[in-house]
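As numbered in my numbering, residues 23 to 210 make up the sequence shown, in order. A virtual CB, placed ideally from N, CA and C, is assigned to each residue, including glycine. This one's a predicted model, so the numbers in the text were calculated from it and none came from an experiment. Written below as structure tokens is the structure these notes are about.
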Amino acid sequence: MRVLGVDPGLTRCGLGIVDARPGRATMVAVGVVRTPSDAEPGERLLYLEEQLTTWLERFQPERVAIERVFADVNVASVMTTAHASAIAILVAARAGLPIAFHTPTEVKAAVTGSGRADKAQVTSMVQRILGLAEPPRPADAADALALAVCHAWRGAAADRLQALATTQAGALPAISGRLSTSRAGGRS
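This is the structure:
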């Protein structure tokens, strides 16, 4: 499974692509889209949209994992992060890709085993999991890779559960149809 992880931000948006198979994950690409803080917000969002579209076309991920935006004391920061997140959602939806959202706590727990891990611990574990010679920098890049790893590991299980639920749901009409028929046939 190839996953694009997006650590949304308007000044720095981390992007990380990971290929994952059971028991193994490898980094395909990592980067940070930077926009100048003195540029118009619309221009910054358009540039982010162009870069995300380029990444999707170039690396062909099967899924997109985006960090869930939480409210914070700094409302302006939350709003710009939400704008960047919305652009990532739009680009993925336009490409027809499944989108998943993970909280920072989920990502930390998936990568380090602890939802309370700090940035240094997350970066160190991402480096180890992906077998990288150097830790990914800046933190936005490491976070994007962590998101991709988290979704590859947790998302694969969720996908299997969804497929099972869909299969089971498909069996229900056939079962209820048989039950209705047997009742109609005079059996009680």
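Run of the alpha helix (DSSP H) containing residue i, from where it starts to where it stops
{"i": "Thr103", "result": "Val97 to Arg116"}
{"i": "Glu128", "result": "Pro126 to Thr134"}
{"i": "Asp94", "result": "Per DSSP, Asp94 belongs to no alpha helix (DSSP H) and is neither H nor E."}
{"i": "Trp77", "result": "Pro63 to Phe81"}
First through last residue of the beta strand (DSSP E) which encompasses residue i
{"i": "Asp41", "result": "Arg34 to Arg43"}
{"i": "Ala47", "result": "Arg46 to Arg56"}
{"i": "Glu29", "result": "Here residue 29 turns out to be Asp, not Glu, going by the sequence shown. Taken as a continuous stretch (DSSP letters only), the beta strand (DSSP E) holding Asp29 covers Arg24 to Asp29."}
Nearest-angstrom Cα separation, counted from residue j out to residue i
{"i": "Ile111", "j": "Ala155", "result": "31 Å"}
{"i": "Ala99", "j": "Phe92", "result": "A quick correction: the sequence has Ser, not Ala, at residue 99. In a straight line, the C-alpha of Ser99 is about 10 Å away from that of Phe92."}
{"i": "Met49", "j": "Arg43", "result": "12 Å"}
{"i": "Leu67", "j": "His173", "result": "25 Å"}
{"i": "Val40", "j": "Gly137", "result": "21 Å"}
{"i": "Ala108", "j": "Gly45", "result": "32 Å"}
{"i": "His105", "j": "Gln82", "result": "23 Å"}
{"i": "Ala139", "j": "Glu65", "result": "35 Å"}
{"i": "Leu74", "j": "Val113", "result": "7 Å"}
DSSP state of residue i mapped onto helix, strand, coil
{"i": "Val148", "result": "helix"}
{"i": "Ala154", "result": "Note that residue 154 is Leu in the sequence shown here, rather than Ala. Reduced to three states, the DSSP call for Leu154 is coil."}
{"i": "Gly137", "result": "coil"}
{"i": "Asp60", "result": "coil"}
{"i": "Arg159", "result": "coil"}
Beta-carbon proximity list for residue i, same chain, < 8 Å, skipping 5 on both sides
{"i": "Arg176", "result": "His124, Glu128 and Ala132"}
Sequence-distant residues of its chain with Cβ nearer than 6 Å to residue i (five each side left out)
{"i": "Ala168", "result": "Val129, Val133, Val144 and Val148"}
{"i": "Pro157", "result": "Thr145 and Gln149"}
{"i": "Gly36", "result": "Asp29, Val54, Asp162, Ala163, Asp165 and Ala166"}
{"i": "Arg34", "result": "Val54, Arg56 and Asp162"}
{"i": "Pro120", "result": "Arg85"}
Proximal residues to residue i (C-beta, below 7 Å), its chain only, five neighbours per side dropped
{"i": "Thr102", "result": "Leu32"}
{"i": "Ala170", "result": "Val25, Leu26, Gly27, Gly38, Ile39, Val40 and Ala87"}
{"i": "Ala51", "result": "Ile39 and Phe81"}
Heavy atom of the ligand FAD within 6 Å of residue i beta-carbon
{"i": "Thr134", "result": "Judged by which ligands are present, the structure shown has none, so any question about the ligand FAD falls away."}
Identified DSSP bridge partners for residue i
{"i": "Val171", "result": "Paired residue(s): none; Val171 is not in a bridge."}
{"i": "Arg12", "result": "Nothing about residue 12 can be read from this structure; the chain reaches only from 23 to 210."}
{"i": "Ala122", "result": "Ala87"}
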